[in-house]
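Read the structure below first, then the notes.
Residue numbers (UniProt numbering), protein chains in the order written: chain A, 1 to 400; chain B, 1 to 400; chain C, 1 to 400; chain D, 1 to 400.
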């Protein structure tokens, strides 16, 4: 048992940390200004491209992707880097071409795509020249139960025809999102987990209709391409757009989930660290009734609790990454569920307290806290609400 | 000891409940449409005036104000009506001319204003023909400690000259907010609680500069006139604009607080009831893995906990109102602090769980939940963060 | 709506408060000494009889019982008196002949007993010359589900024959407990709630075998007669010992529950008040690192939270009592469940924190805290665990 | 980073696990019987010696002690073994001669004792032929602040004379506890952390008076020698009984704490695992309203939460052990405080829920749960209450 990072990871941690401190955090203000200057635009403002160019020049690019097409890091090696990007979730992940949902989509194409699919879509995604969306959740179904998915993918000759409605398709409001991976049912009569397939749908395919953007609390996340509701109305694509075999959609979705949860959780821990850093600075700067907030017992308790949570949950996420690297997704099931449940809510509490220490500034746009809060709050719903995972994890525990 | 409402209150409860159900809740959608149609406007869209006319015609007007100028209700009688307006905090309070900060401002003018001040400002406020803002909190000070207030109000001949910066001046982004009540220091060398005064500053006075709007979790609250940062740059007003004597500002602020907290807490309970009603409807409508959410143990537990919290805290707020009516603000100090702390956080939890039951819809604009959440979250900061009140209440408890 | 006690209640509050302060609390030490001097005895040591004589002489006797046989108080009037007895749960309730399970047993006899049963058993119980036990819970059944009860009561000629095993028969280890009320099934084939009956079994009936005492945490509660496991082995009693009709056992149990929960909850609030008083005294007396504990933020927060919980939950219990008095048990169902859930756990937290403030003394016998803790912890299990009630209350809430 | 145990540790885990399952858990009932048969005896009943002989024969002895005198394990290697012993805290630690306070006392003697002290006291302790007590806490002082210690150790010629009063001297009620390590002040005027010294006081030294046993939630822990209050009344011992130099007491205490906390926390995790195992068995065996408890959402949630807590906190304790092994006590300060705070309270919740699932059996002696609860509850007070550590950890976090 050894709790130290290997040399390569340690070196990357330092380089990414330095890059984020030197280039990304100072650019947050520029991002706000560029967004304010173009109030109706969806997609990344110019600062994003500048940061990406700089990061790529330094070799900090596609860090999330194992193997030769990416940085070649294991899940355990990438995890601490993902955490650092959580300090600036609007800017840092995209800077290193490590932003969801592109990361998951690239993994799917990398692991399950045909050579032609890779050439056509994976290559430009790895270049950062296009972006993508993942069309899974539906407005009329509890999508934590995959059998509820209503979108149909019907074979007609050499084509598939897609009919259905998706929402929370992150990024899809931006024209940069050129390609959508759509989950739907090819065979509603098959076994529970063989009904679904995934298929590639280019944005400009006839019948694809962007219905509206959704907001999260009051945020539209438009620099990320927002979150779209999309109607697929008899959308016809070539049969070779199917990813994997018919019926493999559920298995691909499961494979996509594991790394995604590690990434989400590590970024969330970074968000928590940033909130704690902001809390600390504020608690030292602010005085009431003759004492700094940092001298008050309740604030100290909050700082201590935050540190305890961040340390213990980081270890759990890192162990989960190690299990995924060594024994695989399936054997890490308990841990993957555990971190999905435990990390976002712990970080939510840390951010909530940082808000509280900031008073009115905390809920406003003068600090990143309220937007961080909205982000981490959504994680408790993404991929199914916590309660579904709690129930599933609990059932497994209670099996004698 | 008698837990039943008197006959007049019971009758008003039924009338207000019916009015809100019949006219206000169905108008929420209209409000959204009118706001969407005028994306840059600050202030109430047309639907508000229509609802006000209807309510006033039914005699449901200025319910909050005791005495002949208002509906003549005691705090205990008004409290359950305030709760009902919490079901639709954007529309219902304003419909009955019972919206903050106008209510508190009208109380101040009513209790401490000169006849001329009442004629000039209270009358149109009671008519609903203008609105107002309360300029108390400052960006650079922890305003839970009143001695931190930096805004100066200097006597110069027949005038006062005001210099300072305020924020979270609710409503002030709307041109309808014709009058500002500004808290500042007339004598920084006086005793701790005799340094401050309140003064009336008409919106169009030279030197009043609206700096910017503030947002709350991404919401700008522009139908309510938003929340402004305002610079007062050598703003000169006639001496007769002072409310009460020099040095009476702290006492007036304290007098304003008691009823305000009752109103806020009762509205918050109404928000909690609405969230629970939405949770209930959704839990019955939504099915996963073959069962409705209402059949799941965790959802039942949430509903039960919500009911327990709402019932016990409602009684505590009602008792606080009764104490204010019978023995006065000062004797109700423990209870006023207790409800300020306990109600918003309990309701926050209820709303958070209602969001969770709604999945993605819960954080979006498709339900009122996320905006209710932002509203109640802010209450934990308004008038000083919970922790200041907890500490003060705890100190009093520990005094032997 | 009126939150003040009526004159008679107010007067009794003051008399009971004075009696407990002057006579009961100082006698706790005597109780401990008398128990230590007779380490193997089950039942009340001499001090109990002395206190009873004094209380009875002052007319403070059978306060719990409405009507002419008791003090004639309503549930709402008795509730604040029950709270005061919670300050010393080992001594105060028994002093006023208001200790469970005798109170519930007397209510059952009073409301459902025949004249002969009243003469034989109710009269001496009201005199305090004997005590009683209630034999409901069974070791092999989840007794929150009444259909699980396995004890059989079979009619044979002019007799009933009882066979079964009960535990948690409070008081039954003491020979003073002359009469047991036993719940069992007279007709396992009847409707779910008509299978059970209650029957009077004198302690010395052949076939009644006291198996062993049970402990609660490490306490045997022997001054109260402990908690017994009892085997009923073909126990034959005259048919006239049945209480009410065959099949009425469930209904009688339900009727017994309502007042019992009010009593338990009010006493628990008194336990919470005492814990808070002890916490306060200790926090002022104890110094670390140059400050009293009462000056530390976390201790202040605990005191404030305790006050908030006690105030709001007391109102909820009082309202429940008022509902029981005015509209009856059934209409007060939501509230009766709510207080059963909410009060014990809140008081448990208060006591736990008082323990924490006392350090090692808190878990030892040097303060009453650890024993209070054990007592209130058990309340979360008595009459079915909290979770059964939460689920039931939640189901009712979610019914559209 | 590597989360797997080394081969030796893995082998010992399996052997200790097997030994505990095969020999220790089945002996718990024997322990209870032997205790019941000798109700007034203090000290280990015969079963303990039998288990020790068996364990020693298998080479499972003094596992806690690094170096040649013990099993030679690092903190990280011993930690998982300590966890297993937590399954049966009354029997398993003592079986392997790994029970507190002997472990800490042996470490002190091993690291700071003279050859003569080792020969006289360490050797028989390592043999298990005597036991020991640690006399630190005082009834009249908040001992989390070491300067509060009032016991005096005065040099007089070739002797030291000890005067003071200690309590919570675990084990000291048993005559087997032949030697006490006593902390007192040799120089009250020295620097804050140089005032204290530790000294060896044989049990039978004149002036040592065992005042009384203390109980923990009604438990006397007499098989472990209980917890004594001890008066030291002009107790004279030879000067060579001092451990280390005058003034080194605080430093020795600090050195003793680190490993002690690892041991306590790992055992606590084992207690949590046992509680979860009992909860699981009961939840599957018990049925209400036609379903097993294991099918109920709330019970599942509890099981899931328990698993999450146990997994994340175990990693934190293991990392703390690794830090102690690699960079030392001082560098592991944050982690040592973190586990002291986080582990006992998490395990307390797990045990509390296991009690709840067991109903009345949970608070009685029919399961080990209530006694486990009392044990883990005390850990939140031992070595200073959680709040002292939270405040200290928080202060460190808030240091910019």
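Even glycine gets a Cβ: it sits at the ideal position worked out from N, Cα and C.
Can you tell me whether residue i is buried or exposed? The criterion is at least 16 other CB atoms within 10 Å of its CB, across all chains shown.
i	result
residue 216(D)	buried
residue 39(D)	exposed
residue 89(A)	buried
residue 278(A)	buried
residue 305(B)	buried
residue 127(C)	exposed
residue 223(A)	buried
residue 400(B)	exposed
residue 10(B)	exposed
Between the options, which lies nearest to residue i when the distance is taken from Cα to Cα?
i	options	result
residue 101(D)	160(D), 170(D), 152(D)	170(D)
residue 226(A)	143(A), 133(A), 368(A)	133(A)
residue 174(C)	338(C), 288(C), 44(C)	44(C)
residue 282(C)	238(C), 295(C), 270(C)	295(C)
residue 232(D)	97(D), 269(D), 184(D)	184(D)
residue 196(B)	203(B), 204(B), 202(B), 186(B)	186(B)
residue 58(C)	23(C), 29(C), 41(C), 84(C)	23(C)
residue 165(C)	135(C), 312(C), 193(C)	135(C)
residue 27(A)	95(A), 7(A), 82(A), 76(A)	95(A)
Quick one: is residue i near chain E, going by C-beta distance under 8 Å?
i	result
residue 215(B)	Going by chain labels, chain E is absent from the structure shown, which instead holds the protein chains A, B, C and D.
Determine, for residue i, whether the minimum Cβ-Cβ distance to residues of chain A falls below 8 Å.
i	result
residue 371(C)	no
residue 300(D)	yes
residue 167(B)	yes
Going by the DSSP bridge assignment, what does residue i pair with across the sheet?
i	result
residue 180(B)	133(B), 201(B)
residue 325(C)	Residue 325(C) is not bridged to any residue.
residue 155(C)	160(C)
residue 185(C)	152(C), 196(C)
Quick one: give me the first and last residue of the alpha helix (DSSP H) that residue i is part of.
i	result
residue 47(A)	46-57
residue 375(A)	369-379
residue 28(C)	25-37
residue 264(C)	249-285
residue 224(C)	Careful: residue 224(C) lies outside any alpha helix (DSSP H) and carries neither H nor E.
With 8 Å as the threshold, decide whether the Cβ of residue i is near any Cβ in chain C.
i	result
residue 329(B)	no
residue 296(A)	yes
residue 374(D)	yes
residue 356(D)	yes
Nearer than 7 Å: is that true of the beta carbon of residue i relative to any heavy atom of the ligand ATP?
i	result
residue 127(C)	This structure lacks the ligand ATP; in fact it carries no ligand of any kind.
Just reading off the beta strand (DSSP E) that residue i is part of, what are its end residues?
i	result
residue 209(B)	208-214
residue 164(D)	159-170
residue 217(D)	Careful: residue 217(D) lies outside any beta strand (DSSP E) and carries neither H nor E.
residue 233(C)	227-238
Is there a Cβ of chain B sitting closer than 8 Å to that of residue i, yes or no?
i	result
residue 349(A)	no
Beta-carbon of residue i versus every beta-carbon of chain D: anything under 8 Å?
i	result
residue 177(C)	no
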